Amino acid sequence: MRATMMKGLLVATAVAGLLSQGCEVTECEGDECNFGGNGSGAGDVGTVSVESLGSETIDPNGETEVTIEVPAGATSFALVAEGLGGELAIASKVTSPGGQVVFDFNADITTNRTDAQDVLYTLLVPTNPAVAMEEGDWLVNMMSGSNAIDVDLTAIVKKQPATDSTIDVNLYFAGLELLDGSTAQTDEGFQAILSQVNTIYQGAGLTVRAINYFDVQGEQYAVIDNDAEMQEMFTTVGRKSEQAVNIFFVADLPFLGLAGGVPAPPILQGTPKSGVAANMSSYLAAVAAGDQAMIDEAAEEVVRIVAHETGHFLGLYHTVEKNGLALAGEGINGEDPLTDTAT
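Residues 934 to 1276 in my numbering are what the sequence shown spells out, letter by letter.
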């Protein structure tokens, strides 16, 4: 499983290169941003364009066609649809400039996997090393689940490869009794967790560069009861300039951890899908009890949660879903695109 995650993260760096940026999104819309990191002196991460495509009406027929122009040398692109509310949306068909269909919802073609999402939908190309990033016009047919709905579309194109494989992270602390944005910076146990997460990602050639610490304002997010509360928490960061993965450490969740999407929207901060949530209840209980064996076990759990859910944020899917169908080639469930999965 670790080897599979590592190779998958190499694919996920298609998103990672879009994240360590240092300008406001509003400065980039309809233009190009030449990013050089976040002021930390890191290497150039390439040129990323963020273009508003305006509003389009999508419906269950999947006939709305969106064109994304990809220049020579580009390494990836994303299409983001906002304003879905409770309606599901998906790219019903994705066609390369050369005419190759890399995804077709109705024909069970899942070379470039994408899954339906509500609230906000993100298509990432490529999600599979078998998909070539061709120069020219990529055609994306968009489809809603049940009803016609107006959505706001944004195209994000990574126009050049990064010169280094780094990622920045924003760490948010939501009402934890034993950790906050200040104490976490020097807490030995928490820093050991971050070190282990970084080691996992270094195995794929991806290094955590800048780590920023923040406190979530208000106690209402200390305990998250449902997806709506989690998505509201993700919006609290606003449209900030720190283009990084937002990781929220929460006192309790109804699950171990969850990413805003697979993938989450790159570059666009402050959306309901712009974050990763990690459940800290077991770790906090172990620290409070002072049992070192419990602390070590709970810390390893947090490491797995953060590494796993951040992989989802970057576009890495499960190789096998809990229904057991992901490896069976059953349509939308998709097949494992990684060749090194353990058998």
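Quick reminder that beta carbons are idealized off the backbone N, C-alpha and C, glycines included.
Quantities reported herein were computed from a predicted structural model and do not represent experimental measurements.
Exposed or buried, what is residue i when buried is set at 16 or more other beta-carbons lying within 10 Å of its beta-carbon?
{"i": "Q1225", "result": "exposed"}
{"i": "F1010", "result": "buried"}
{"i": "A1125", "result": "exposed"}
{"i": "R1142", "result": "buried"}
{"i": "S1128", "result": "exposed"}
{"i": "D1101", "result": "buried"}
{"i": "F1188", "result": "exposed"}
{"i": "S1207", "result": "buried"}
{"i": "S1115", "result": "exposed"}
{"i": "P1205", "result": "buried"}
{"i": "E1234", "result": "buried"}
{"i": "S1079", "result": "exposed"}
{"i": "A1088", "result": "buried"}
{"i": "Q1280", "result": "Residue 1280 is absent from the structure shown; the chain starts at 934 and stops at 1276."}
{"i": "T1047", "result": "buried"}
{"i": "G1151", "result": "exposed"}
{"i": "A1232", "result": "buried"}
{"i": "G1244", "result": "buried"}
{"i": "C961", "result": "Model confidence at C961 stands at a pLDDT of 39, short of 50, so the residue's coordinates are unreliable; what they give is reported in the following sentence. When all chains shown are included, C961 counts as buried."}
Please name the residue or residues paired with residue i in a DSSP beta bridge.
{"i": "E1002", "result": "D1070"}
{"i": "I1238", "result": "I1238 pairs with nothing; no bridge assigned."}
{"i": "Y1146", "result": "L1104"}
{"i": "S982", "result": "V1090"}
{"i": "L1154", "result": "Correcting the residue identity first, residue 1154 is Tyr in this sequence and not Leu. DSSP, once it has assigned bridges, lists no residue as partnering Y1154."}
{"i": "M1076", "result": "I1023"}
{"i": "A1232", "result": "Partner(s): none; A1232 has no beta bridge."}
{"i": "G987", "result": "L1086"}
{"i": "G1138", "result": "Its beta-bridge partners do not exist; DSSP assigns none."}
{"i": "S1009", "result": "K1091"}
{"i": "A1125", "result": "BP columns for A1125 are empty, so no partner."}
{"i": "V1034", "result": "T1028"}
{"i": "T1055", "result": "V1013"}
Could you give the C-beta distance for residue i and residue j, rounded to a whole number, given that I count them as a contact under 8 Å?
{"i": "G1248", "j": "T1060", "result": "6 Å"}
{"i": "G995", "j": "N1074", "result": "5 Å"}
{"i": "F1246", "j": "A1197", "result": "5 Å"}
{"i": "I1157", "j": "V1178", "result": "Contact doesn't hold; Cβ gap of about 18 Å is too wide."}
{"i": "E1002", "j": "D1070", "result": "6 Å"}
{"i": "V1084", "j": "L1017", "result": "6 Å"}
{"i": "E1242", "j": "V1220", "result": "Their Cβ separation, rounded to whole angstroms, is 21 Å, which puts E1242 and V1220 out of contact at 8 Å."}
{"i": "A1137", "j": "D992", "result": "About 39 Å separates the two Cβ atoms, so there is no contact after all."}
{"i": "Q1118", "j": "Y1146", "result": "6 Å"}
{"i": "V1035", "j": "V999", "result": "Contact doesn't hold; Cβ gap of about 15 Å is too wide."}
{"i": "L1112", "j": "I1144", "result": "The Cβ separation is near 14 Å, so there is no contact."}
{"i": "V1149", "j": "T1169", "result": "6 Å"}
{"i": "D1051", "j": "G1019", "result": "6 Å"}
Is the beta carbon of residue i within less than 8 Å of some heavy atom of the ligand SAM?
{"i": "D1051", "result": "This structure lacks the ligand SAM; in fact it carries no ligand of any kind."}
For a minimum of 3 consecutive residues, which ranges assigned as the beta strand (DSSP E) are wholly contained in the stretch 1156-1223? Runs of the beta strand (DSSP E) inside the stretch 1156-1223: 1178-1183, 1190-1192, 1209-1212.
Evaluate contact between the stretch 976-996 and the stretch 1041-1055, counting only Cβ atoms and requiring at least three cross-stretch pairs below 8 Å. In short, these stretches do not touch, since the Cβ pair count stays below three.
Does the stretch 1024-1034 touch the stretch 1090-1110, meaning 3 or more C-beta pairs lie closer than 8 Å? Output reads no: the stretch 1024-1034 does not touch the stretch 1090-1110.
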